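First comes the structure, then the notes that go with it.
Residue numbers (the numbering used here): 61 to 637.
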């Protein structure tokens, strides 16, 4: 007797209700998940990518198998019979039917043989993953630390897969329990539908409410402690041009951790003058934390009061800086703007949450939009109240979720150009509506990773500083106000979308952008999990890869403001700073 025909093997298979189709597809996806994606992964993240992909593949296999057994096989037989009959091949049909009408045990043996082949392939691919990840590390100039620990990929990945299957089986068992206690008059089909509905409903409830809600509550408690108080290593600024000083309407205690860093750090006027070689002013930095106002409207009103107090109307330029979920303002961007204007500037920013950006994105994207709309409209009202002659220029900057905050204030490009003098948005999330609309309506023949819109007369996209430099010296007109997006081809924040589950995006159909490994390809379900886990490493890679933009923001701000000077001394100062 063959080992797979032994009673205890079949009994084990039936007891755990293992599905051969699911195991085969799951095993294939476990292996495919080891192929390169946007960023290098260590063995832990590789195991997670493989485990989640395998579980997704298993579910797809079960779904396909159910459809095949319940109606697919019969439909295929009918169409096959009609096709062969049309060509007078009745005998061939009878032979084919006899050949495929195997007992269930024979089909089981065939499926087990295929599963054995898949297991061998999984083992081989898991070993090959080490080589692929080393190539990715070398491709980005990252030291390779991918050795013996890679042996943990297979057991940990399989463990994750098994845990997910156990959870699914538990939900299915609960559904069957509900079906068993249903009224006797219900048919078997109705009971089956009820069991499936209960299992799916429970799964959706967990995914849509319980898990996100629990994560949000956990982060809210921790973040409220971590981010709500000023950085204990810093002291309130002494300059009257900073929020949190003794002159300010916004108390130091209300600025939060990132707000306190924003107003306390940065070069003063003398340091800026030393870098630029020109006289410089003391720059204005204004911030409203969550504790500086009970509502976004109050926070924004306090910022406007701060603009009046510091006489920001006398400055050459004002920058509205979008913040990430925790209130973080990119310090390189803030310092770049002040260097470009010799300190003759004011920067305003407003916190809308204590949560990290990914958690805030899940918790409430509307809150991000609302805060941006309130802040921008308040600052616009302040500037528009000034005499037309001598008004300061007004610019917007945002990175990551800060771009989402900025987008919330505008209906489109025309609305932007009517109200501000320029916009720089860096690493925008794929869900940003304005960014997505511009990418979708890009000029024919241009790639999604490096699109052109309207011939680049107002809106432009760049992958790095070199491209920005070329924009400023080509013959194509770039009218002001200017809107510039900087987006890396390797930034998972930009390219992640739930559509990756079942739809191949244009950026994976096209030739790869700068820095992306040429062997990355789209695979159903798998690419979604790869890019999802890439997001966790998006800032842990070298500058100019992933979500790490470095001094490219200097080039971007210089481009939208029309700065004509030499950027290299400023760049050197930023790198030291």
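Even for Gly, the Cβ is constructed at its ideal location relative to N, Cα and C. Computed from a predicted structure; not experimentally measured.
Here residue 485 carries a strand assignment [DSSP, helix/strand/coil]. About 6 Å separates the beta carbon of residue 553 from that of residue 598, a gap short enough to meet the 8 Å contact definition. Under the three-state reduction of DSSP output, residue 455 falls in the strand class. It is roughly 53 Å from the alpha-carbon of residue 211 to the alpha-carbon of residue 625. As a beta-bridge residue in DSSP terms, residue 410 pairs with 348. Contact between residue 561 and residue 588 holds: CB atoms are separated by about 5 Å, below the 8 Å threshold. Residue state for residue 469 is assigned as coil, using DSSP reduced to three classes. Going by DSSP, residue 98 is part of no alpha helix (DSSP H) at all; its letter is neither H nor E.
When the Cα atoms are used, residue 579 and residue 89 turn out to be separated by approximately 17 Å.
Three or more pairs of CB atoms, one per stretch, sit closer than 8 Å, so the stretch 305 to 324 contacts the stretch 346 to 355. In this structure, DSSP gives residue 600 a state outside helix and strand, which the three-state scheme calls coil. Residue 465 has its alpha-carbon roughly 8 Å from the corresponding atom of residue 433. Using a Cβ distance threshold of 8 Å, residue 182 and residue 91 count as a contacting pair.
When 426, 544, 444 and 99 are compared, the shortest CA-CA separation from residue 527 is found for 544. Residue 79 sits buried, since 16 or more C-beta atoms from the chains shown fall within 10 Å of its C-beta. Note: residue 519 is bridge-paired with 543 in the DSSP secondary-structure output.
DSSP places residue 358 in no beta strand (DSSP E) but in the uninterrupted alpha helix (DSSP H) bounded by 356 to 369.
Excluding its 5 nearest sequence neighbours in each direction, residue 179 has C-beta neighbours in its own chain below 8 Å: 87, listed in chain order. Secondary structure at residue 576: coil, using DSSP grouped into helix, strand and coil.
The Cβ atoms of residue 303 and residue 310 sit closer than 8 Å to each other. The beta carbons of residue 541 and residue 482 sit about 5 Å from each other, so the pair counts as a contact at 8 Å.
Boundaries for residue 325: no alpha helix (DSSP H) harbours it, and the DSSP string shows neither H nor E there. Residue range 377 to 381 is occupied by the beta strand (DSSP E) that includes residue 380, with no alpha helix (DSSP H) assigned at that position. In the DSSP annotation of this structure, residue 353 is not part of any alpha helix (DSSP H), being labelled neither H nor E. For residue 493, the number of other beta carbons within 10 angstroms of its own is below 16, and it is reported as exposed.
Excluding five sequence positions before and after residue 220, the CB atoms of its chain that fall closer than 6 Å to its own CB belong to 111, given in chain order. When the beta-carbon positions are compared, residue 373 and residue 446 come within less than 8 Å of each other. With fewer than three CB-CB distances shorter than 8 Å, the stretch 436 to 443 does not count as touching the stretch 396 to 404. DSSP places residue 305 in the coil class of the three-state scheme, outside both helix and strand.
Here residue 575 really is in contact with residue 200; their C-beta atoms are around 7 Å apart, less than 8 Å. The C-beta separation of residue 384 from residue 301 comes to about 24 Å, leaving the pair out of contact by the 8 Å criterion. Shown here for residue 323: same chain residues with a beta carbon closer than 7 Å to its own, the five before and five after excluded, namely 297, 302, 303, 304, 315, 345 and 347 in chain order. Listed as beta-bridge partners of residue 405 by DSSP are 377. A check of alpha carbon separations from residue 390 across 173, 130, 637 and 84 identifies 637 as the nearest. Sequence-distant partners of residue 501 (beyond 5 residues in either direction) whose C-beta falls short of 8 Å from its own C-beta, in its chain, are 513. The C-alpha of residue 97 is placed about 7 Å away from the C-alpha of residue 577.
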